[in-house]
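Engineer: Numbering (the working numbering), first residue to last: 91 to 437.
Once you've had a glance at the structure underneath, I'll fire off some questions.
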Ligand SMILES: [Ca+2]
């Protein structure tokens, strides 16, 4: 079992990442911490608990920073909806099955990692405020984690400004601290997450698994019509989660990464130096920057995890070959489903 701690700001794609972790049989989700980002902290915390409740995962949640280290918070309701999970009702109204711990997320990160030295993988899918504070609290944290995977940044172009991706843009100072720390971050940036687009076929397969998949498919409809402007939405946070669970899905290259904090037009830009990756000067951490994703392997992992949460076989079909909503799959669905089954069988 892979012990995994998720720091997140749900957020539609965070919700999918949470379900991926909760449904993956070889992952032990040992904690969830929340940060302000896609929405205000109160919302991201409530949303995390609601998604975990939907998934039937009573993983304790700890709230963290309600604003970036130095800057004003900016949130993204135009992309993630009025509630941070679209504009509709929450997936469950009673979140009491998912405990909300007292204390601060930064302390919780240190506590969980230190409780199992060398074992816990930290995945961050929001602004890096909590993680930066955890590094300040415990400078030895890099030696105590098994790995750290960050959804953030880009090697080419941003999505919030021409230079910056949202998570890094919201709190560039925190991100700069995280990338300057003496650990090797697996950076899952836009260059990789844009390779995993959620097509209508994928959405139909998700919807067919049962209530959890149907809820996520509905959220992805809002993602598609909102921030994605009608295009197939990129699965940012789930790709980072998948890279933590199955590192082989992500091809990476070593690189030095500096986060721009002072540029008038470039604050939050991740300046990725691949040339320095193999010969970085002493004291400059070498990170693993994602370049290519095994897209079909990613979808196989995600659909299998959600199907497990819904108590369904991975392809969403019951034994009579019909989809779980009673309709026969059309040809395209069938082909995607067959590939998913093959991939799951290979895994
Ligand atoms: Ca997020």
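No residue lacks a Cβ here, since even glycine has one placed at the ideal position from N, Cα and C.
Since the model is a prediction, treat every value here as computed from it, not as a measurement.
1) Would you say residue 316 and residue 168 are within 8 Å of each other, going by their C-beta atoms?
2) Please confirm whether residue 362 and residue 379 have their CB atoms less than 8 Å apart.
3) Given that a residue counts as buried once 16 or more other Cβ atoms are within 10 Å of its Cβ, and exposed if not, what is residue 91?
4) Take the Cβ of residue 142 as the centre, count every other Cβ of all protein chains shown within 10 Å, and call the residue buried at 16 or more, exposed below.
5) Just to confirm before moving on: does the CB-CB distance between residue 124 and residue 131 stay below 8 Å?
6) Between the Cα of residue 200 and those of 247, 228, 211, spot the shortest distance and give me the residue it belongs to.
7) Around the C-beta of residue 246, are 16 or more other C-beta atoms found within 10 angstroms, so that it is buried, or is it exposed?
8) What first and last residue would you give for the beta strand (DSSP E) that runs through residue 340?
9) In terms of alpha-carbon separation, which member of 204, 355, 346 lies closest to residue 367?
10) With a CB to CB cut of under 7 Å and the five nearest residues on each side skipped, what residues in its chain are close to residue 160?
11) Excluding the five sequence neighbours on either side, which residues of its own chain have a C-beta within less than 6 Å of the C-beta of residue 272, listed in chain order?
12) Tell me the DSSP secondary structure of residue 411 in three-state form.
13) Just the Cα atoms here: how many angstroms apart are residue 278 and residue 340?
14) Considering only their Cβ atoms, is the gap separating residue 202 from residue 43 smaller than 8 Å?
15) Under three-state DSSP, which class holds residue 97?
16) For a test of your reading of the model: does the CB of residue 327 fall under 7 Å from any non-hydrogen atom of ligand 2? Yes or no.
17) Looking at ligand 1, does it come within less than 7 Å of residue 215, judged from the CB to the closest heavy atom?
18) In the DSSP assignment, what are the bridge partners of residue 442?
19) Using only alpha-carbon positions, find the residue among 111, 172, 358 that is nearest to residue 388.
20) Residue 386 to residue 180, Cα distance in whole Å?
21) Mind checking which residues open and close the alpha helix (DSSP H) that includes residue 135?
22) Excluding the 5 residues flanking residue 395 on each side, which residues of the same chain have their C-beta closer than 7 Å to its C-beta?
23) Mind checking whether residue 134 and residue 99 have CB atoms under 8 Å apart?
24) Drop a sphere of 10 angstroms on the beta-carbon of residue 184, count the other beta-carbons inside from all chains shown, and report buried for 16 or more, exposed for fewer.
25) For residue 177, count the other beta carbons within 10 Å of its own beta carbon; 16 or more makes it buried, fewer makes it exposed. Which is it?
26) Report whether the distance from the Cβ of residue 99 to the nearest heavy atom of ligand 1 is below 7 Å.
27) Straight-line CA distance for residue 207 to residue 93?
28) Let me check you understand the geometry: is the CB of residue 387 closer than 7 Å to at least one non-hydrogen atom of ligand 1?
29) Hey, how far is the Cα of residue 129 from the Cα of residue 241?
30) Regarding residue 317 and ligand 1, is the C-beta to nearest heavy atom distance less than 7 Å?
31) Shortest alpha-carbon distance to residue 102 belongs to which of 95, 137, 391, 118?
32) Please report the residue range of the beta strand (DSSP E) in which residue 377 lies.
Structural biologist: Judging by the given coordinates:
1) yes
2) Closer than 8 Å, so yes.
3) exposed
4) buried
5) yes
6) 228
7) exposed
8) 340 to 349
9) 346
10) Excluding positions up to five away in sequence, the list reads 263.
11) 232, 375
12) Reliability of the predicted coordinates at residue 411 is poor, the pLDDT of 38 falling under 50, and the value obtained from them is presented with this limitation in mind. Three-state result, residue 411: coil.
13) Each residue's alpha carbon lies about 9 Å from the other.
14) In the structure displayed, the chain extends from 91 to 437; residue 43 sits before or after that span and is not available.
15) strand
16) This structure does not include ligand 2; its bound ligands are ligand 1.
17) It does: the Cβ of residue 215 is within 7 Å (strictly closer) of some heavy atom of ligand 1.
18) In this structure the chain extends from 91 to 437, so residue 442 is not present and cannot be described.
19) 111
20) 30 Å
21) Annotation: the continuous alpha helix (DSSP H) that includes residue 135 extends over 131 to 145.
22) 109, 110, 113, 114
23) The answer is yes: Cβ separation under 8 Å.
24) exposed
25) So residue 177 ends up on the exposed side.
26) The answer is yes for residue 99.
27) 11 Å
28) no
29) 17 Å
30) no
31) Comparing Cα-Cα distances from residue 102 to each of 95, 137, 391, 118, the minimum goes to 137.
32) Residue 377 -> beta strand (DSSP E) spans 377 to 383.
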